[in-house]
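J.: FYI, UniProt numbering numbers position 15 of the sequence shown as 15, with every residue one higher than the one before it. Using N, Cα and C, we set each Cβ at its ideal position, and we do this for glycine too.
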Amino acid sequence: MTTKHKTKQTMTRAEAADWLSSLARVLAAGGGEVEIAGQQAGLRVADQISAKIETETDADEHEIEIEFSWTVTPSPESEPSPEPEPEPPTP
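1. Whole-angstrom Cβ separation of Ala41 and Val34, contact assumed at under 8 angstroms?
2. For Ala46, collect the residues of the same chain with a Cβ closer than 7 angstroms to its Cβ; drop the 5 residues on either side in sequence, then sort them by chain order.
3. Taking the alpha-carbon of Gly32 as reference, which of Gln39, His5, Leu43 has the nearest alpha-carbon?
4. If we require 4 or more residues per run, which alpha helix (DSSP H) segments fall completely within the UniProt domain "Amphi-Trp" (5 to 75)?
Okay, structure coming up:
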């Protein structure tokens, strides 16, 4: 199942810094909740991530795009429990 949150909004420099700090805490902790498009999104973060950073300057406009991607293995609680071993017959 794919879940996607996307937003475009105007914010102050301080608000942008606060949001980036929140995201940084989630990344450093290996996961957590971050607000995206007014909704809380739960993230599990792998130890190794791929980063794509792009900057563009055109006259008086500046743009920075940061993209992180990673693959996580299923958590133990989301994996099915193994079937119990059958009891050996009693003689």
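T.: Reading from the atomic positions:
1. 6 angstroms
2. Trp70, Thr71, Val72
3. Leu43
4. 13 to 29
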